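For reference, the structure discussed in these notes is given below.
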Amino acid sequence: MTPEEIMKPENLVYAKPRLLNDNHMHYCPGCSHGVVHRLVAEIIEELGIEDSTIGVAPVGCSVFAYNYIDIDWIEAAHGRAPAVATAVKRLNPSRMVFTYQGDGDLAAIGTCETIHAANRGENIAIIFINNAIYGMTGGQMAPTTLEGMKTSTTPYGRRVDLNGYPLEMSKLLAQLDGTCLVTRQAVHTPAAVRKAKAAIKQAFINSMEGRGTSVVEIVSTCNSGWKMSPAQSNKWMEENMFAKYPLGEIKNTVKK
Amino acid sequence: MAKVQGAVKVNQERCKGCDLCVVACPLDVLKLQPKEVNNRGYHYAYMHNPEACIGCASCAMVCPDGCIEVYRVTNK
Amino acid sequence: MEEKRLLKGNEAIALAAIRYGADGYFGYPITPQSEILETLEAEMPWETTGMVVLQAESEVAAVNMVYAGAACGKAVFTSSSSPGVSLKQEGISYIAAGELPALIVNVMRGGPGLGTIQPSQADYFQATKGGGHGDYHLIVLAPSSVQEMADFVYLGFDLAFKYRTPAMILADGIVGQMMEKVVLPPARARRTDEEIAAQCPWAVTGKNGRGHANVMTTLELNSELMEKHNERYQQTYRLIEENEVRYQEYYTEDAEYVIVAFGSVARICLKAIEEARQKGVKVGLIRPITLWPFPTKRMAELAAQTKGMLCVELNAGQMIEDVRLAVNGAVPVYHFGRMGGIVPTPQEVIDAFNEKFNEAKK
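Chains as they are written, first to last, in this note's numbering: chain A, 25 to 280; chain B, 120 to 195; chain C, 299 to 660.
The following block contains the structure:
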């Protein structure tokens, strides 16, 4: 059969989810955000919670997340997404509430809000994109930047004597009694994407069921900031990022 | 004839030519257009070797821009 | 039904909010307003009206919770005192930019810096001129009694929802801490989710079957659109200026001199005026209730019938700038203020009045 003969509606096995709209995403080619956006949209569709989901967008590259996923959103001030999500969920307990935050938003300016929301066990899901760099502002050091890693504000590489150590937020959040799920995933291979999707889905279910705070860290690439091609970035991430931020479940108190 | 045949439709205008689908494809079906670009100037992905496609959707899984539709038939 | 109680101003705010049918309070302890959070926690309104009460990790988190709740169309509020209100300014700017209804209470203490826990009115500029970044205003209500602390919760929420703009109760530490008889207004039921969806079609509630997404954002990178947003905010402010100016006058009909004071200081001045009147000095009082919108027009009218005005404030001279703008040089406008938490006696006001106007006569 020719491709044209195969490309018939009855043979369709995969298509972009409807909730990921047709707006052209502003992300750089190869950016991990796009994959995670697609997973969020897919999961909301699969769980049938389009009408009862409220997302909280951060400041950072994903500041415009609300332009791409067709659900109700609140755009938070930089770092305040967990505080915003706290109030949204407490005032609307029947809603599935999640934040979508980068490493600058969650682990630098918003560390306080993140830790306290998680420590209160707010019934929210936190999606944490960790690409070890500030993408939007042009590639400055993030709290999660690796030792020796070059950024525009650590042009000779991050030095722990000057800049401290890479902050392992998920490890820290797993220590808190309020978290029910803390897991670290990636989206660089088809297998990793499937695992990441399962983790986000679990986090969303936890929010609906009121089980506490779920944190899904996605170890990601920023090929523009890292100054590599998308494929090279994936390889560099496997070799360097995974050594500091190994993938896998860190905490899961929900009985399967 | 292969038992499972696949085909992928790339949304050319949405594609940013990041190459991740090309790398993810286990059967070297996809390539980026060597010369031609879309309206945003990207060398978009296309089926260079369509016969090899088994519709596994690896390309679509890793596509950051949701550009890829995957079709599959099982020949009996 | 109304209820008569003996309460602190801060307690009155808390109880009035529950009776108003507020959906949520988010705050952080700071003297001299912690009784608001304490009273709410003791009342446990989540058991009765369903109101959410949360002690946040910081003033910053608390104001962002208010931004979030307001974005959901809920009646939410926060309270703090001067240093804490400085921390809230970022969030207040977002609430104004989002055209969201919310109530912020500032029970002012002396500053700058950590300052003192004693009463002050030194946040007048911050409250009436915007406070945070960007061109915006808050509706600013200045209570001078415990009764008004309760009443202005209702008025503040109602105006905030009417104009979709944040309102502030700018109280001083005196009204926050003093006890008076207060008649709590009749209780209202909290709005249902259906009522919120109908009255606030912009509210973020989950798509909820409406078919399109509601997004609350204050970001607009297209400058032409951003200018349009600003023009819309300004139109709202003009409308508020036309319709919502509130003030109270005493002995102004025949007044040759007028004292201008707000909050608890107005009551001290009224005492001074009554003593001066017994000695035949024709002096009156105007007490702006809305500090923004400011009673500019009335101030100018009074200037036309008087020989001079005296602004009495617990600061180095802040409201006097608005009085002078209103009077526009028609008569001399003087200032008398105490700072750092000191509250003047009526006699000090009389002395200041005599000093300013006797000097002027020389």
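Glycine residues also receive a C-beta, built at the ideal position from the N, C-alpha and C atoms. Keep in mind that this is a model prediction, so the values were computed, not measured.
In the three-state DSSP reduction, alanine 81 (chain A) falls in the strand class (E or B). Sequence-distant partners of glycine 162 (chain A) (beyond 5 residues in either direction) whose C-beta falls short of 7 Å from its own C-beta, in its chain, are Ser176. Here alanine 366 (chain C) is near threonine 110 (chain A), since their CB atoms are less than 9 Å apart. DSSP places threonine 329 (chain C) outside both helix and strand once states are collapsed to three, so it counts as coil.
In this structure proline 270 (chain A) is exposed. Its beta-carbon is surrounded by fewer than 16 other beta-carbon atoms within 10 angstroms. For alanine 315 (chain C), the enclosing alpha helix (DSSP H) stretches over residues 307 to 318. In this structure, the straight-line span from the alpha carbon of glutamate 137 (chain A) to that of valine 364 (chain C) is close to 14 Å. In the DSSP assignment, aspartate 470 (chain C) is bridged to C:Met406. For proline 167 (chain A), the secondary structure class from DSSP, reduced to helix, strand or coil, is coil. Following the DSSP letters along the chain, one finds methionine 173 (chain A) in no alpha helix (DSSP H), marked with neither H nor E.
Cα atoms of valine 543 (chain C) and threonine 534 (chain C): separation of roughly 14 Å, rounded to the nearest angstrom. The stretch 521 to 540 of chain C makes no contact with the stretch 371 to 383 of chain C, as fewer than three CB pairs between them are under 8 Å. The stretch 384 to 393 of chain C makes contact with the stretch 430 to 442 of chain C, as at least three CB pairs between them are under 8 Å. Below 8 Å, too few C-beta pairs join the stretch 617 to 628 of chain C and the stretch 403 to 412 of chain C to call them touching: fewer than three.
Residues are counted here when their Cβ sits less than 7 Å from a Cβ of chain B; for the stretch 58 to 78 of chain A these are Gly58, Val59 and Arg62, given in chain order. Assigned with DSSP and collapsed to three states, aspartate 620 (chain C) falls in helix.
Taking a Cβ-Cβ threshold of 9 Å, none of the residues of chain A is close to aspartate 433 (chain C); the smallest such distance is about 18 Å. For the 9 Å CB-CB criterion, glycine 474 (chain C) and proline 330 (chain C) form a contact. At a cut-off of 9 Å between C-beta atoms, alanine 171 (chain B) does not count as an interface residue with respect to chain A.
By the C-beta criterion, the stretch 299 to 318 of chain C is judged not to be in contact with the stretch 130 to 142 of chain B, since fewer than 3 inter-stretch pairs fall below 8 Å. Here the alpha carbon of glycine 504 (chain C) sits roughly 20 Å from the alpha carbon of glutamine 226 (chain A).
DSSP places arginine 303 (chain C) within a strand segment (E or B) once states are collapsed to three. For asparagine 247 (chain A), the closest Cβ of chain C is not nearer than 9 Å.
Annotated three-state conformation of serine 356 (chain C) is coil, per DSSP. Here the alpha carbon of glycine 134 (chain A) sits roughly 29 Å from the alpha carbon of isoleucine 415 (chain C). Apart from the 5 residues on each side of it in sequence, leucine 130 (chain A) sits with its Cβ closer than 6 Å to the Cβ of Thr138 and Phe152 in its chain, given in chain order. Just measuring C-alpha positions, the residue of A:Ala149, A:Val80 and A:Val60 sitting nearest alanine 101 (chain A) is A:Val80.
The Cβ-Cβ distance between lysine 128 (chain B) and threonine 193 (chain B) does not fall below 9 Å.
Phenylalanine 375 (chain C) carries a strand assignment under DSSP once its states are collapsed to helix, strand and coil. Shown here, glutamine 419 (chain C) sits in coil according to DSSP, grouped into three states, outside any helix or strand.
By the Cβ test, the stretch 224 to 239 of chain A is not in contact with the stretch 144 to 157 of chain B, since fewer than three Cβ pairs between them sit closer than 8 Å. With respect to chain C, the C-beta atom of isoleucine 150 (chain A) has no partner C-beta closer than 9 Å. In the structure shown, histidine 162 (chain B) adopts coil according to DSSP, grouped into three states. With contact defined as three or more Cβ pairs closer than 8 Å, the stretch 308 to 315 of chain C and the stretch 446 to 457 of chain C are in contact. With its beta carbon less than 9 Å from one in chain A, leucine 139 (chain B) belongs to the interface. For methionine 180 (chain B), the enclosing alpha helix (DSSP H) covers residues 177 to 181.
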